[in-house]
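Below is one structure, written out as C-alpha coordinates; comments come after it.
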Amino acid sequence: MNFPPDPLLDQIALALVPGIGPKTQEKLLNIFGSASMVLRASSSEWRKVPGVGPKVVSGLRQAQSHEEAKAEWQRCVAAGVQLVARTDSQYPELLRQISAPPSFLYYQGALLPRDQQAIAIIGSRHATTYGLRQAERLAAGLARAGFTIISGLARGIDAAAHRGALEAGGRTIAVLGNGLGHLYPPEHGPLSKEIVQQGALLSENSFLTVPSKTTFPQRNRIISGLSLGILVVEARKRSGALITACHAVDQNREVFAVPGPIDREESEGCHQLIQDGAKLVTGVEDILAELTQWDFVSESNVETNPSQPEAGSFSKRTNEADTSRSRQSAPSRTRSKPAAPSTKTKSPPIPADASPEEKAILQAVDGEALFIDELPQKTGLSMPQLLPILSILEIKRQIKRVDGQKIVRYQA
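Our numbering applies: residue 892 is where the sequence shown begins, and numbers increase by one.
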(Lines of atoms letter the chains of each structure in order from A and count residues from 1; the text may use other names and numbers.)
(Lines give C-alpha, C1' and ligand atoms only; values in the text may rest on other atoms or scores of the structure.)
Protein backbone atom coordinates (compact mmCIF):
# COMPACT_ATOMS: atom_id res chain seq x y z
CA MET A 1 0.00 0.00 0.00
CA ASN A 2 1.35 3.40 -1.00
CA PHE A 3 0.57 5.99 1.66
CA PRO A 4 0.34 9.75 1.08
CA PRO A 5 3.15 12.10 2.14
CA ASP A 6 3.61 12.71 5.86
CA PRO A 7 2.01 16.21 5.81
CA LEU A 8 -1.22 14.69 4.49
CA LEU A 9 -1.05 11.83 6.99
CA ASP A 10 -0.58 14.46 9.71
CA GLN A 11 -3.77 16.20 8.59
CA ILE A 12 -5.70 12.92 8.57
CA ALA A 13 -4.29 11.96 11.97
CA LEU A 14 -5.28 15.30 13.49
CA ALA A 15 -8.82 15.09 12.10
CA LEU A 16 -9.24 11.59 13.61
CA VAL A 17 -8.32 12.58 17.18
CA PRO A 18 -11.32 11.68 19.42
CA GLY A 19 -13.03 14.68 20.98
CA ILE A 20 -11.54 17.23 18.61
CA GLY A 21 -14.10 19.19 16.63
CA PRO A 22 -13.77 21.77 13.86
CA LYS A 23 -13.40 24.72 16.25
CA THR A 24 -10.67 23.07 18.34
CA GLN A 25 -8.85 22.01 15.17
CA GLU A 26 -9.08 25.60 13.97
CA LYS A 27 -7.51 26.86 17.21
CA LEU A 28 -4.68 24.33 17.02
CA LEU A 29 -3.91 25.13 13.40
CA ASN A 30 -3.98 28.88 14.04
CA ILE A 31 -1.61 28.54 17.00
CA PHE A 32 0.86 26.00 15.60
CA GLY A 33 0.59 26.78 11.88
CA SER A 34 -0.02 23.31 10.41
CA ALA A 35 -1.12 19.79 11.33
CA SER A 36 2.52 18.67 11.24
CA MET A 37 3.51 21.36 13.74
CA VAL A 38 0.54 20.46 15.96
CA LEU A 39 1.66 16.84 16.20
CA ARG A 40 5.27 17.87 16.88
CA ALA A 41 4.25 20.00 19.87
CA SER A 42 4.54 18.82 23.46
CA SER A 43 1.74 17.87 25.84
CA SER A 44 2.33 21.03 27.86
CA GLU A 45 1.93 23.16 24.73
CA TRP A 46 -1.29 21.37 23.80
CA ARG A 47 -2.78 21.93 27.26
CA LYS A 48 -2.43 25.70 26.85
CA VAL A 49 -4.95 25.67 23.99
CA PRO A 50 -8.55 26.41 25.08
CA GLY A 51 -10.75 23.35 24.64
CA VAL A 52 -7.91 20.83 24.76
CA GLY A 53 -8.39 18.53 27.75
CA PRO A 54 -6.82 15.22 28.84
CA LYS A 55 -8.80 13.19 26.28
CA VAL A 56 -7.61 15.31 23.36
CA VAL A 57 -4.02 15.36 24.66
CA SER A 58 -4.04 11.56 24.84
CA GLY A 59 -5.47 11.36 21.32
CA LEU A 60 -2.82 13.74 19.97
CA ARG A 61 -0.06 11.57 21.44
CA GLN A 62 -1.48 8.49 19.73
CA ALA A 63 -1.93 10.39 16.46
CA GLN A 64 1.82 10.98 16.24
CA SER A 65 2.34 7.35 15.17
CA HIS A 66 0.09 7.72 12.10
CA GLU A 67 -1.26 4.25 12.80
CA GLU A 68 -4.94 5.18 12.66
CA ALA A 69 -4.35 7.64 9.80
CA LYS A 70 -2.83 4.86 7.67
CA ALA A 71 -5.72 2.52 8.49
CA GLU A 72 -8.19 5.26 7.49
CA TRP A 73 -6.34 5.79 4.23
CA GLN A 74 -6.52 2.07 3.45
CA ARG A 75 -10.27 1.98 4.12
CA CYS A 76 -10.86 4.91 1.81
CA VAL A 77 -8.72 3.54 -1.02
CA ALA A 78 -10.50 0.17 -0.83
CA ALA A 79 -13.93 1.84 -1.06
CA GLY A 80 -13.03 4.34 -3.78
CA VAL A 81 -13.39 7.27 -1.39
CA GLN A 82 -11.23 10.35 -1.96
CA LEU A 83 -10.08 12.93 0.56
CA VAL A 84 -9.58 16.63 0.00
CA ALA A 85 -7.94 18.88 2.59
CA ARG A 86 -8.90 22.49 3.21
CA THR A 87 -5.46 23.50 1.97
CA ASP A 88 -6.14 21.80 -1.39
CA SER A 89 -7.21 23.91 -4.38
CA GLN A 90 -10.01 21.40 -5.06
CA TYR A 91 -11.66 22.19 -1.70
CA PRO A 92 -14.97 24.04 -2.29
CA GLU A 93 -14.26 27.76 -2.12
CA LEU A 94 -17.64 28.73 -0.65
CA LEU A 95 -17.20 26.22 2.17
CA ARG A 96 -13.71 27.50 2.89
CA GLN A 97 -15.25 30.89 3.74
CA ILE A 98 -17.42 29.72 6.67
CA SER A 99 -16.42 29.77 10.32
CA ALA A 100 -14.37 26.68 11.28
CA PRO A 101 -14.77 24.81 7.98
CA PRO A 102 -14.02 21.07 7.95
CA SER A 103 -10.30 20.39 7.71
CA PHE A 104 -11.09 17.38 5.52
CA LEU A 105 -13.84 16.22 3.21
CA TYR A 106 -14.41 12.61 2.22
CA TYR A 107 -16.20 12.11 -1.09
CA GLN A 108 -17.22 9.64 -3.76
CA GLY A 109 -17.84 10.97 -7.23
CA ALA A 110 -16.41 14.29 -8.36
CA LEU A 111 -16.17 17.85 -7.04
CA LEU A 112 -16.08 20.33 -9.93
CA PRO A 113 -15.46 24.11 -10.14
CA ARG A 114 -19.02 24.56 -11.45
CA ASP A 115 -20.33 23.27 -8.09
CA GLN A 116 -19.71 26.77 -6.72
CA GLN A 117 -22.98 27.59 -8.50
CA ALA A 118 -25.06 25.69 -5.96
CA ILE A 119 -28.41 25.93 -4.22
CA ALA A 120 -29.37 23.75 -1.25
CA ILE A 121 -32.89 22.32 -1.15
CA ILE A 122 -33.98 20.95 2.21
CA GLY A 123 -37.11 20.18 4.17
CA SER A 124 -39.15 17.65 6.06
CA ARG A 125 -38.41 13.93 6.12
CA HIS A 126 -42.17 13.40 6.46
CA ALA A 127 -43.07 15.36 3.35
CA THR A 128 -46.49 15.66 1.77
CA THR A 129 -47.20 14.89 -1.87
CA TYR A 130 -47.31 18.63 -2.48
CA GLY A 131 -43.89 19.15 -0.91
CA LEU A 132 -42.27 16.30 -2.82
CA ARG A 133 -43.68 17.62 -6.09
CA GLN A 134 -42.42 21.17 -5.48
CA ALA A 135 -38.96 20.01 -4.37
CA GLU A 136 -38.53 17.88 -7.48
CA ARG A 137 -39.89 20.58 -9.79
CA LEU A 138 -37.70 23.36 -8.40
CA ALA A 139 -34.59 21.18 -8.26
CA ALA A 140 -35.06 20.22 -11.90
CA GLY A 141 -35.52 23.84 -12.94
CA LEU A 142 -32.46 25.02 -11.03
CA ALA A 143 -30.39 22.15 -12.43
CA ARG A 144 -31.40 23.11 -15.96
CA ALA A 145 -30.34 26.70 -15.16
CA GLY A 146 -26.86 25.44 -14.31
CA PHE A 147 -27.03 25.08 -10.53
CA THR A 148 -25.70 22.12 -8.59
CA ILE A 149 -28.31 20.95 -6.08
CA ILE A 150 -27.08 20.35 -2.53
CA SER A 151 -29.08 18.29 -0.05
CA GLY A 152 -28.69 15.67 2.67
CA LEU A 153 -29.89 12.33 1.19
CA ALA A 154 -32.57 12.12 3.88
CA ARG A 155 -36.04 10.75 3.26
CA GLY A 156 -38.64 13.16 1.98
CA ILE A 157 -37.67 16.54 0.54
CA ASP A 158 -33.93 15.78 0.32
CA ALA A 159 -34.47 12.69 -1.81
CA ALA A 160 -36.96 14.52 -4.04
CA ALA A 161 -34.45 17.34 -4.60
CA HIS A 162 -31.69 14.91 -5.57
CA ARG A 163 -34.03 13.07 -7.94
CA GLY A 164 -35.23 16.28 -9.58
CA ALA A 165 -31.66 17.32 -10.35
CA LEU A 166 -30.74 13.87 -11.66
CA GLU A 167 -33.78 13.60 -13.91
CA ALA A 168 -32.97 17.03 -15.37
CA GLY A 169 -29.47 15.83 -16.21
CA GLY A 170 -27.90 18.15 -13.65
CA ARG A 171 -25.42 17.74 -10.83
CA THR A 172 -26.25 17.08 -7.20
CA ILE A 173 -24.20 16.64 -4.02
CA ALA A 174 -25.44 14.75 -0.97
CA VAL A 175 -23.91 15.83 2.34
CA LEU A 176 -24.09 12.96 4.82
CA GLY A 177 -24.37 13.04 8.59
CA ASN A 178 -22.28 9.88 8.85
CA GLY A 179 -19.14 8.42 7.30
CA LEU A 180 -19.11 7.09 3.75
CA GLY A 181 -18.60 3.60 5.15
CA HIS A 182 -22.27 3.59 6.15
CA LEU A 183 -25.34 4.34 4.05
CA TYR A 184 -28.25 6.10 5.73
CA PRO A 185 -31.08 5.70 5.13
CA PRO A 186 -30.35 2.21 3.78
CA GLU A 187 -33.11 2.30 1.15
CA HIS A 188 -31.29 5.11 -0.67
CA GLY A 189 -28.61 2.80 -2.06
CA PRO A 190 -29.78 3.09 -5.70
CA LEU A 191 -30.19 6.87 -5.35
CA SER A 192 -26.70 7.27 -3.88
CA LYS A 193 -25.19 5.37 -6.82
CA GLU A 194 -26.90 7.75 -9.25
CA ILE A 195 -25.63 10.73 -7.29
CA VAL A 196 -22.04 9.46 -7.51
CA GLN A 197 -22.42 9.34 -11.30
CA GLN A 198 -23.76 12.93 -11.55
CA GLY A 199 -22.18 14.59 -8.54
CA ALA A 200 -20.84 13.38 -5.22
CA LEU A 201 -21.55 11.88 -1.82
CA LEU A 202 -19.70 14.02 0.72
CA SER A 203 -18.99 13.96 4.45
CA GLU A 204 -16.67 15.58 6.97
CA ASN A 205 -16.94 12.49 9.17
CA SER A 206 -14.36 9.72 9.25
CA PHE A 207 -15.10 6.69 7.09
CA LEU A 208 -16.62 4.49 9.82
CA THR A 209 -18.67 7.18 11.62
CA VAL A 210 -22.21 5.94 12.27
CA PRO A 211 -25.21 8.29 12.01
CA SER A 212 -26.18 9.92 15.30
CA LYS A 213 -28.20 12.82 16.70
CA THR A 214 -25.04 14.91 17.00
CA THR A 215 -23.60 14.38 13.52
CA PHE A 216 -26.68 15.49 11.57
CA PRO A 217 -27.00 19.01 13.04
CA GLN A 218 -23.25 19.44 12.52
CA ARG A 219 -23.48 18.58 8.82
CA ASN A 220 -26.21 21.20 8.28
CA ARG A 221 -23.61 23.97 8.31
CA ILE A 222 -21.87 22.23 5.39
CA ILE A 223 -25.08 22.03 3.35
CA SER A 224 -25.55 25.79 3.65
CA GLY A 225 -21.82 26.49 3.41
CA LEU A 226 -21.56 24.82 0.00
CA SER A 227 -24.42 26.92 -1.38
CA LEU A 228 -25.17 30.44 -2.53
CA GLY A 229 -28.52 30.06 -0.80
CA ILE A 230 -30.89 27.51 0.69
CA LEU A 231 -34.46 26.73 -0.29
CA VAL A 232 -36.74 25.26 2.39
CA VAL A 233 -39.69 23.43 0.83
CA GLU A 234 -41.54 22.00 3.84
CA ALA A 235 -40.63 22.26 7.51
CA ARG A 236 -42.37 22.14 10.85
CA LYS A 237 -41.57 24.79 13.43
CA ARG A 238 -38.86 22.69 15.12
CA SER A 239 -37.50 21.11 11.96
CA GLY A 240 -33.79 20.54 11.38
CA ALA A 241 -34.24 22.49 8.15
CA LEU A 242 -34.67 25.64 10.25
CA ILE A 243 -31.30 24.94 11.88
CA THR A 244 -29.78 24.92 8.41
CA ALA A 245 -31.56 28.21 7.69
CA CYS A 246 -29.93 29.71 10.80
CA HIS A 247 -26.53 28.51 9.57
CA ALA A 248 -27.27 30.11 6.20
CA VAL A 249 -28.02 33.47 7.82
CA ASP A 250 -24.82 33.27 9.88
CA GLN A 251 -22.87 32.47 6.70
CA ASN A 252 -24.44 35.38 4.80
CA ARG A 253 -26.30 33.07 2.42
CA GLU A 254 -29.69 33.75 0.88
CA VAL A 255 -32.71 32.01 2.43
CA PHE A 256 -35.73 31.03 0.32
CA ALA A 257 -38.95 29.28 1.31
CA VAL A 258 -41.88 27.71 -0.51
CA PRO A 259 -45.30 28.56 0.95
CA GLY A 260 -47.79 25.78 1.63
CA PRO A 261 -51.34 25.28 2.88
CA ILE A 262 -51.88 27.49 5.92
CA ASP A 263 -53.60 24.71 7.89
CA ARG A 264 -50.76 22.17 7.60
CA GLU A 265 -48.03 21.71 10.23
CA GLU A 266 -45.58 20.98 7.43
CA SER A 267 -45.96 24.59 6.24
CA GLU A 268 -45.45 26.34 9.59
CA GLY A 269 -41.65 26.52 9.40
CA CYS A 270 -41.63 27.91 5.86
CA HIS A 271 -44.26 30.51 6.70
CA GLN A 272 -42.24 31.56 9.74
CA LEU A 273 -39.13 31.96 7.58
CA ILE A 274 -41.08 34.11 5.11
CA GLN A 275 -42.38 36.29 7.97
CA ASP A 276 -38.78 36.64 9.16
CA GLY A 277 -37.61 37.87 5.76
CA ALA A 278 -36.93 34.79 3.64
CA LYS A 279 -37.71 35.19 -0.05
CA LEU A 280 -41.03 33.59 -0.99
CA VAL A 281 -40.55 31.19 -3.90
CA THR A 282 -43.15 29.84 -6.29
CA GLY A 283 -40.84 29.30 -9.27
CA VAL A 284 -37.19 29.09 -10.25
CA GLU A 285 -37.24 32.65 -11.56
CA ASP A 286 -37.79 33.94 -8.00
CA ILE A 287 -34.45 32.45 -6.95
CA LEU A 288 -32.60 33.55 -10.08
CA ALA A 289 -33.88 37.10 -9.72
CA GLU A 290 -32.76 37.33 -6.10
CA LEU A 291 -29.29 35.92 -6.73
CA THR A 292 -28.63 38.01 -9.82
CA GLN A 293 -30.63 41.12 -8.86
CA TRP A 294 -32.33 40.85 -12.23
CA ASP A 295 -35.77 39.53 -13.08
CA PHE A 296 -35.57 36.58 -15.44
CA VAL A 297 -38.54 36.17 -17.73
CA SER A 298 -39.38 32.51 -18.24
CA GLU A 299 -41.15 31.09 -21.26
CA SER A 300 -44.16 30.15 -19.11
CA ASN A 301 -44.55 33.77 -17.96
CA VAL A 302 -44.54 35.00 -21.55
CA GLU A 303 -47.22 32.52 -22.54
CA THR A 304 -49.54 33.68 -19.75
CA ASN A 305 -48.60 37.37 -19.93
CA PRO A 306 -47.81 38.57 -23.46
CA SER A 307 -46.93 42.05 -22.19
CA GLN A 308 -43.80 40.65 -20.53
CA PRO A 309 -40.45 41.11 -22.28
CA GLU A 310 -39.16 38.43 -24.62
CA ALA A 311 -38.54 35.06 -22.95
CA GLY A 312 -35.00 34.60 -21.78
CA SER A 313 -34.41 38.35 -21.39
CA PHE A 314 -33.66 40.51 -18.38
CA SER A 315 -35.91 43.19 -16.94
CA LYS A 316 -34.26 45.58 -14.49
CA ARG A 317 -35.79 45.57 -11.00
CA THR A 318 -36.93 48.89 -9.58
CA ASN A 319 -38.11 50.16 -6.22
CA GLU A 320 -41.10 52.02 -7.65
CA ALA A 321 -44.53 51.15 -6.31
CA ASP A 322 -45.92 50.56 -9.82
CA THR A 323 -43.13 48.21 -10.94
CA SER A 324 -45.43 45.83 -12.78
CA ARG A 325 -47.16 48.65 -14.69
CA SER A 326 -43.86 50.26 -15.64
CA ARG A 327 -42.57 46.96 -16.97
CA GLN A 328 -45.64 46.48 -19.16
CA SER A 329 -45.60 49.99 -20.60
CA ALA A 330 -41.86 50.56 -20.80
CA PRO A 331 -40.71 51.54 -24.30
CA SER A 332 -38.05 49.49 -26.00
CA ARG A 333 -34.53 50.44 -25.00
CA THR A 334 -32.56 52.59 -27.41
CA ARG A 335 -28.83 52.93 -27.18
CA SER A 336 -27.41 56.35 -27.96
CA LYS A 337 -24.19 56.46 -29.92
CA PRO A 338 -21.17 57.64 -27.96
CA ALA A 339 -19.70 60.98 -28.87
CA ALA A 340 -16.34 59.37 -29.48
CA PRO A 341 -15.02 55.83 -29.81
CA SER A 342 -14.64 54.18 -26.41
CA THR A 343 -11.15 53.54 -25.16
CA LYS A 344 -10.63 50.03 -23.91
CA THR A 345 -9.01 49.68 -20.52
CA LYS A 346 -6.75 46.89 -19.48
CA SER A 347 -8.58 44.03 -17.76
CA PRO A 348 -6.94 41.73 -15.22
CA PRO A 349 -5.90 38.31 -16.51
CA ILE A 350 -8.55 35.61 -16.59
CA PRO A 351 -8.04 33.24 -13.61
CA ALA A 352 -6.46 29.93 -14.59
CA ASP A 353 -9.07 27.99 -12.59
CA ALA A 354 -12.05 29.67 -14.29
CA SER A 355 -14.53 27.29 -15.88
CA PRO A 356 -14.93 27.32 -19.69
CA GLU A 357 -18.21 29.20 -19.30
CA GLU A 358 -16.62 31.79 -16.99
CA LYS A 359 -13.76 32.27 -19.44
CA ALA A 360 -16.20 32.80 -22.31
CA ILE A 361 -17.99 35.55 -20.38
CA LEU A 362 -14.79 37.25 -19.21
CA GLN A 363 -13.40 37.22 -22.75
CA ALA A 364 -16.64 38.71 -24.07
CA VAL A 365 -16.50 41.69 -21.69
CA ASP A 366 -12.74 42.16 -21.86
CA GLY A 367 -11.91 45.84 -21.74
CA GLU A 368 -15.34 47.42 -22.17
CA ALA A 369 -18.85 47.43 -20.77
CA LEU A 370 -21.27 45.05 -22.46
CA PHE A 371 -25.06 44.88 -22.43
CA ILE A 372 -26.10 41.68 -20.66
CA ASP A 373 -28.51 40.68 -23.41
CA GLU A 374 -25.58 40.59 -25.84
CA LEU A 375 -23.90 37.78 -23.91
CA PRO A 376 -25.82 34.85 -25.46
CA GLN A 377 -24.61 35.80 -28.94
CA LYS A 378 -21.04 36.42 -27.80
CA THR A 379 -20.69 33.34 -25.58
CA GLY A 380 -23.04 30.75 -27.05
CA LEU A 381 -24.70 30.38 -23.63
CA SER A 382 -28.42 30.75 -22.97
CA MET A 383 -29.78 33.22 -20.43
CA PRO A 384 -30.66 30.44 -17.93
CA GLN A 385 -27.06 29.23 -18.19
CA LEU A 386 -25.65 32.74 -17.84
CA LEU A 387 -27.61 33.76 -14.72
CA PRO A 388 -25.83 31.66 -12.08
CA ILE A 389 -22.42 32.14 -13.70
CA LEU A 390 -22.80 35.93 -13.62
CA SER A 391 -23.62 35.67 -9.91
CA ILE A 392 -20.48 33.64 -9.27
CA LEU A 393 -18.31 36.09 -11.22
CA GLU A 394 -19.76 38.97 -9.19
CA ILE A 395 -18.98 37.14 -5.95
CA LYS A 396 -15.43 36.50 -7.19
CA ARG A 397 -15.15 40.23 -8.05
CA GLN A 398 -14.39 39.46 -11.67
CA ILE A 399 -17.27 41.54 -13.05
CA LYS A 400 -19.55 44.31 -11.82
CA ARG A 401 -22.75 45.95 -13.06
CA VAL A 402 -22.72 49.47 -14.50
CA ASP A 403 -25.40 51.70 -16.03
CA GLY A 404 -28.24 49.37 -15.15
CA GLN A 405 -28.03 46.66 -17.79
CA LYS A 406 -24.30 46.41 -18.50
CA ILE A 407 -21.45 44.45 -17.00
CA VAL A 408 -17.75 45.24 -17.02
CA ARG A 409 -14.57 43.60 -15.77
CA TYR A 410 -12.99 44.79 -12.55
CA GLN A 411 -9.93 46.74 -13.61
CA ALA A 412 -6.35 45.80 -12.70
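Glycine included, every Cβ here is placed at the ideal spot set by N, Cα and C.
Is the Cβ-Cβ distance between residue i and residue j less than 8 Å?
| i | j | result |
| --- | --- | --- |
| ILE1290 | LEU1277 | no |
| PRO1279 | GLN988 | no |
| LEU930 | ALA954 | yes |
| SER1015 | SER1118 | no |
| SER1042 | ALA1011 | yes |
| LEU974 | ALA1091 | no |
| GLU1157 | THR1019 | yes |
| GLY1174 | TYR1021 | no |
| ILE1256 | ARG1292 | Residue 1256 is actually Val in this sequence, not Ile. No, Cβ-Cβ distance for VAL1256 and ARG1292 is not below 8 Å. |
| ALA1251 | ILE1298 | no |
| ALA1052 | ALA1030 | yes |
| GLY1037 | PRO1267 | no |
| TYR998 | LEU1093 | yes |
| GLY1000 | ILE903 | no |
| GLN1097 | LEU1044 | Note on residue identity: the sequence assigns Ser, not Gln, to residue 1097. Taking 8 Å as the Cβ cut-off, SER1097 and LEU1044 do not qualify as a contacting pair. |
| ASP1244 | PRO992 | no |
| ARG1354 | GLU1027 | Past the edges of the chain, shown from 892 to 1303, lies residue 1354, and the structure says nothing about it. |
| ASP901 | SER934 | no |
Go through its chain and collect everything with a Cβ distance to residue i's Cβ below 8 Å, but skip five positions before and after it.
| i | result |
| --- | --- |
| LEU1099 | ARG966, GLY1070, GLY1072 and HIS1073 |
| GLY1181 | Looking at the sequence provided, one finds Glu at residue 1181 rather than Gly. So the list reads GLY1120, GLU1145, PHE1147 and LYS1170, once near-sequence residues are dropped. |
| GLY942 | LYS914, THR915 and LYS918 |
Going by DSSP, name the residue or residues bridged to residue i.
| i | result |
| --- | --- |
| LYS1291 | VAL1299 |
| GLN973 | TYR998 |
| VAL1066 | LEU1093 |
| ALA1148 | VAL1123 and LEU1171 |
| LEU1261 | ILE1298 |
Just to confirm my understanding: we take residue i, look at its own chain, exclude 5 residues before and 5 after, and list those with CB closer than 6 Å. What are they?
| i | result |
| --- | --- |
| GLY1068 | PRO1102, THR1106, PHE1107 and ARG1110 |
| ALA1139 | SER1115, ILE1121 and VAL1146 |
| SER994 | ALA906, GLN916 and ARG977 |
| ALA1056 | ALA1030, ALA1034, ILE1040 and THR1063 |
| GLY1060 | none |
| ILE1165 | ALA1148 and LEU1171 |
Below 7 Å CB to CB, which residues in the same chain sit around residue i once its five sequence neighbours on both sides are set aside?
| i | result |
| --- | --- |
| PHE923 | VAL929 and ALA932 |
| PHE1262 | GLN1296 and LYS1297 |
| MET892 | GLN965 |
| CYS1161 | VAL1123, GLU1125, ALA1126, ALA1148, VAL1149, PRO1150 and GLY1151 |
| ASP1006 | PRO983, THR1039, ARG1062 and ILE1064 |
| ILE1013 | SER1042, GLY1043, ILE1048, ASP1049, ILE1114, ILE1121, VAL1123, ALA1132 and THR1135 |
| GLN1163 | LYS1128 |
Inset, instruction - Count the C-beta pairs between the stretch 980-994 and the stretch 1123-1133 that are closer than 8 Å, then say yes if the count reaches three, no if not. - result: Touching, no.
Inset, instruction - Write down every uninterrupted run of the alpha helix (DSSP H) in the stretch 1008-1072 whose length is 4 residues or greater and which is fully enclosed by it, in chain order. - result: Counting whole runs of 4 or more residues, the stretch 1008-1072 contains the alpha helix (DSSP H) stretches 1020-1035 and 1048-1058.
Inset, instruction - Tell me, please, whether the stretch 1036-1056 touches the stretch 958-975 by the rule of three or more beta-carbon pairs shorter than 8 Å. - result: No, the stretch 1036-1056 is not in contact with the stretch 958-975.
Legend entry - At least three beta-carbon pairs within less than 8 Å, the stretch 904-915 to the stretch 932-952: Three or more Cβ pairs drawn from the stretch 904-915 and the stretch 932-952 lie within less than 8 Å of each other, which places the two stretches in contact.
Legend entry - Complete runs of the alpha helix (DSSP H) confined to the stretch 904-975 [at least 4 residues]: For the stretch 904-975, whole alpha helix (DSSP H) runs of length 4 or above, ordered along the chain, are 913-923, 926-931, 934-938, 945-954 and 958-970.
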